[in-house]
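Number of protein chains: 2
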Amino acid sequence: MSDRVLLAHGGGGELTARLIAEHILPRLGNPALAPLTDGALLDAPPGRLCLTTDASVVRPLEFPGGDIGRLAVAGAVNDLSVMGATPLALTLSLIIEEGLPLAVLDRILDSLAATAREAGVPVVTGDTKVIERREGDGLILSTTGLGVLRPGITLGMERIQAGDRVLISGTIADHGLAVMACREGLGLRSLVRSDVAPLGDLIGGLLAIGGVRFLRDPTRGGIAGVLADLAEKTGLGIEVDEAAIPVSPATRQAAELLGLDLLGAANEGKVLAVVDAASAALVLAACHAHPLGRQAALIGTVVERAPALAELVTAYGGRRIISRPVGEELPRIC
Amino acid sequence: MSDRVLLAHGGGGELTARLIAEHILPRLGNPALAPLTDGALLDAPPGRLCLTTDASVVRPLEFPGGDIGRLAVAGAVNDLSVMGATPLALTLSLIIEEGLPLAVLDRILDSLAATAREAGVPVVTGDTKVIERREGDGLILSTTGLGVLRPGITLGMERIQAGDRVLISGTIADHGLAVMACREGLGLRSLVRSDVAPLGDLIGGLLAIGGVRFLRDPTRGGIAGVLADLAEKTGLGIEVDEAAIPVSPATRQAAELLGLDLLGAANEGKVLAVVDAASAALVLAACHAHPLGRQAALIGTVVERAPALAELVTAYGGRRIISRPVGEELPRIC
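Same order as they appear, the protein sequences are chains V and B.
Per our numbering, the first sequence starts with residue -18, numbered consecutively.
Per our numbering, the second sequence starts with residue -18, numbered consecutively.
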């Protein structure tokens, strides 16, 4: 028996059945997944539903601080959480490149299962396909999250007002720089660690405080993408205090070595919140009390300004416009 | 501006925003998708929910009778339908290979949107990633379907009894042979057409008759995979009358030329139903009255038999065991 995935593992026959029975079910098994029917049945809770989807195409598959399995779960859970929803169920679509060592697949599925347990959400249904060999190290995961909206919570850009504060739940750019440092073979690769983590519990705590107007997880495009989007769509300005943005020393060093912009780099375990001014200190304190929010900081303020732009105010009082990254810097970062 | 997808289109920046705004939203736009938030909000209907997921990796992307866009929608809708659910919403994850012509992407999105309209289900949220160039013709779609179970319908293998009849809603193997004939460049490629279609309406009609115990769409692995699975899991035998199985002449000829087994080839617009004997004629008539079921036929009977096997009874009275295909024959067929 080969110790790598074969094209025939994707044919829908005996080998597909064995791949699922021997490698996937023992790791992800739960009552909803167990019947292996074409879909999973779930009891619908009262309330509005939230549906979100994400494909993970990161390379390498394993990097300091995480792997594609943890990323796939965190991505779906965090998208639900920033919408104000509690995750109910995940679906998992595996697109495996022929030649992937089964041992790697097993490690990634173990990590995915552990992250799902950490987030308290079951993988209820899935699909497995195999594509032709490329470099023999390929795996793409696509996850969909189903959640139910927390009662009494309304979030949205249209609620943002001048005077609101901008909060980030911790150091920025750790995921993007961890993956790039790993890919470039930098010596400091072991120091730069991805922040990839499911944020449902942290975000539940923030929402319980009240005063939160808008949440977004700054993944691809980083906080620059979110801030530029906010200014463009709200018609308000955002002033961001560069010195207030938390950055780990190793991540900063890697960004300098690689010539990458910290603001445009991906995060996978951070939330950017816009909070009314009166609640900002309490929401910040709630972050600090959570293991995933210890380095949270208030980094900016929403202001009336024409034209509506997000601006970085540097330590020396200079200003530079924060624009959405164009995109070519960081392919396959998540 | 390039007329092909660039890696930068997947970076999460300005180019990603434009790809979505110019190519995706005009085709798929609807009120749930329009806000482009991290997830879509939906009103939960009363009843149990059904969640299903599928990745489409078919090559070529366009083939006689369909394309990967139509396949991605039909796959999700049909999985929901055979579970007894009515589709509410789809999610769409696009994994695009760098170099894909934008004109091809546009055609596939048009087809996907038309199929979603045909099935009466909106695409409510999505994700777009770009991976490195391979052969410049690559696109993978992953769709998740959310549905609500039809009230009063209980389907399941455990309900199957000796004496039940096996029904197929039309000619078999058309999808698998259309794709393979296209890939092999056979002269008859224009005659063999994929059956890819969303079956929600047809299946709704069958379920309204009553007496349906179990449904499955025989995709990868074909009707052989479903029949072998049924015998293995119910502990009952299944006798299938070879002469009763509907096969189009062009598909049969392609199977002979390519040396492929019709029973193991994929279908993407057919449903296999197990129906109680008393209802079988009525359910068959309901199929015949629907445009997608005109060639439906009763092809077999569930029997008490040890060991529990699915068997094909040939025109000459011979018998051969129907086993689940091993898998290598047809990579990337769906």
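Idealized CB from N, CA, C, for every residue including glycine.
Among the residues of its own chain, which have a CB less than 6 Å from the CB of residue i, if the five just before and after it don't count?
i: valine 320 of chain V; result: Nothing in the structure corresponds to residue 320 of chain V, since chain V is present only between -18 and 315.
i: arginine -15 of chain B; result: Gly80 and Pro82
i: glycine 216 of chain V; result: Ala289
i: arginine 51 of chain B; result: Ser92, Thr96 and Val177
i: threonine 34 of chain V; result: Thr125
i: glycine 40 of chain B; result: The amino acid occupying residue 40 of chain B in the given sequence is arginine; glycine does not appear at that position. Excluding positions up to five away in sequence, the list reads Arg313.
i: arginine 29 of chain V; result: Leu130
i: serine 62 of chain B; result: Leu180, Gly181 and Ile184
i: leucine 172 of chain V; result: Ala231
Please confirm if residue i has its CB atom under 9 Å from at least one CB of chain B.
i: valine 64 of chain V; result: The residue you asked about is not valine; residue 64 of chain V is methionine in the sequence shown. Taking Cβ atoms only, chain B reaches closer than 9 Å to methionine 64 of chain V, which makes this a yes.
i: arginine 8 of chain V; result: no
i: lysine 110 of chain V; result: yes
i: aspartate 48 of chain V; result: no
i: isoleucine 314 of chain V; result: yes
i: glutamate 249 of chain V; result: no
i: arginine 233 of chain V; result: no
i: serine 123 of chain V; result: yes
i: serine 74 of chain V; result: yes
i: glycine 80 of chain V; result: no
i: glycine 202 of chain V; result: yes
i: glycine -9 of chain V; result: yes
i: glutamate -5 of chain V; result: yes
i: glycine 101 of chain V; result: no
i: arginine 115 of chain V; result: yes
i: aspartate 155 of chain V; result: no
Quick one: is residue i buried, meaning 16 or more other Cβ sit within 10 Å of its Cβ, or exposed?
i: threonine 295 of chain V; result: exposed
i: lysine 110 of chain B; result: buried
i: glycine 250 of chain B; result: buried
i: proline 12 of chain V; result: exposed
i: isoleucine 302 of chain V; result: exposed
i: arginine 300 of chain V; result: exposed
i: threonine 135 of chain B; result: exposed
i: serine -17 of chain V; result: exposed
i: aspartate 24 of chain B; result: exposed
i: proline 26 of chain V; result: exposed
i: alanine 154 of chain V; result: buried
i: glycine 206 of chain B; result: buried
i: alanine 287 of chain V; result: exposed
i: glutamate 165 of chain V; result: exposed
i: alanine -11 of chain B; result: buried
Tell me, please, whether the CB atom of residue i is closer than 9 Å to any CB atom in chain V?
i: arginine -15 of chain B; result: no
i: threonine 106 of chain B; result: yes
i: proline 306 of chain B; result: yes
i: valine 129 of chain B; result: yes
i: asparagine 11 of chain B; result: no
i: glycine 133 of chain B; result: no
i: aspartate 198 of chain B; result: yes
i: threonine 96 of chain B; result: no
i: alanine -2 of chain B; result: yes
i: threonine 70 of chain B; result: Per the sequence shown, residue 70 of chain B should be read as alanine rather than threonine. Answer yes: the Cβ-Cβ gap between alanine 70 of chain B and chain V drops below 9 Å somewhere.
i: leucine 158 of chain B; result: no
i: glycine 126 of chain B; result: yes
Looking only at its own chain, which residues have a Cβ that is under 8 Å from the Cβ of residue i, when we skip the five neighbours before and after it?
i: alanine 189 of chain B; result: Ala267
i: histidine 271 of chain B; result: Asp182, Leu183 and Gly186
i: serine 37 of chain V; result: Ile49, Leu52, Ala53, Gly56, Ile121, Leu122, Ser123, Thr124 and Cys315
i: asparagine 248 of chain V; result: Ile153, Ala154, Asp155, His156, Gly157, Asp176, Asp198, Pro199, Thr200, Gly203 and Ile204
i: leucine 279 of chain V; result: Arg146, Val147, Leu148, Ala225, Ala261 and Leu265
Name the DSSP bridge partner or partners of residue i?
i: valine 283 of chain V; result: V:Ile219
i: proline 82 of chain V; result: V:Arg(-15)
i: arginine 40 of chain V; result: Paired residue(s): none; arginine 40 of chain V is not in a bridge.
i: cysteine 31 of chain V; result: V:Gly128 and B:Leu22
i: arginine 140 of chain B; result: DSSP, once it has assigned bridges, lists no residue as partnering arginine 140 of chain B.
i: leucine 148 of chain V; result: V:Ala254 and V:Leu279
i: serine 229 of chain B; result: DSSP lists no partner for serine 229 of chain B.
Can you give me the Cβ contacts of residue i inside the same chain, cut-off strictly under 7 Å, excluding the 5 residues immediately before and after it?
i: phenylalanine 44 of chain V; result: Ala159, Val160, Cys163 and Ser175
i: alanine 258 of chain V; result: Gly144, Asp145 and Arg146
i: glutamate 223 of chain V; result: Leu293, Val294, Thr295 and Ala296
i: alanine 277 of chain B; result: Leu148, Ile149, Ser150, Gly151, Leu265, Cys268 and His269
i: alanine 209 of chain B; result: Ala291, Ile303, Ser304 and Arg305
Taking 8 Å as the cut-off, is the CB of residue i close to at least one heavy atom of the ligand ADP?
i: aspartate -16 of chain B; result: The model depicted lacks the ligand ADP and carries no ligand whatsoever.
Using a Cβ-Cβ cut-off of less than 7 Å, list which residues of the segment 18 to 42 of chain V approach chain B; keep chain order. Taking a C-beta cut-off of 7 Å against chain B, the contacting residues of the segment 18 to 42 of chain V are Thr18, Asp19, Gly20, Ala21, Leu22, Leu23, Asp24, Ala25, Gly28, Arg29, Leu30, Cys31, Leu32, Thr33, Thr34, Asp35, Ala36 and Val38, listed in chain order.
Residues of the segment 176 to 193 of chain B whose Cβ lies closer than 9 Å to any Cβ of chain V, in chain order: If the cut-off is 9 Å between Cβ atoms, the segment 176 to 193 of chain B has nothing near chain V.
Below 8 Å between beta carbons is the criterion; list the residues of the segment 206 to 236 of chain B that meet it against any residue of chain V, in chain order. Those would be Gly206, in chain order.
Name the residues in the segment 239 to 268 of chain V whose C-beta lies less than 9 Å from a C-beta of chain B; which are they? Listed by position, the residues of the segment 239 to 268 of chain V near chain B (Cβ gap below 9 Å) are Gly245 and Ala247.
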